[in-house]
Amino acid sequence: MKINEDLKVTEMHLDGFKVPVPEGLSELLNRSGGWKYISPDQSESKVDNTKNYDRKVVREDGKLRTYLTYKSPPKASKQKIS
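Heads up: the sequence shown begins at 1 in full-length UniProt numbering, then just goes up one per residue.
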């Protein structure tokens, strides 16, 4: 389904931090087709590309930074099976 309305971004938050909305962001998203509605009966791949990462958002030097740290896969046990 295509949304025929122009939407306006008025506020953004990232892990509890308020982020200023850049001028022109709403226009960019509206023109690029960034808004997509998926009806509940439609299926879409629910692949989470960041599930293997720990995510941490911090404020440093007045800027927000997102740190993604790769989680090491659990080590296989070295049990001897006879």
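Idealized CB from N, CA, C, for every residue including glycine.
By the CB criterion at 7 Å, L14 and V57 fall inside the cutoff. Taking the C-beta atoms as reference points, V19 is found no nearer than 7 Å to V9. When C-alpha distances from Y67 are compared across E27, R59, W35 and R55, the shortest belongs to R55. When C-alpha distances from K71 are compared across L25, N49 and W35, the shortest belongs to N49. Judged by DSSP in its simplified three-state form, L14 adopts strand.
Cα atoms of K36 and K63: separation of roughly 30 Å, rounded to the nearest angstrom. Boundaries of the beta strand (DSSP E) around E60: Y53 to E60.
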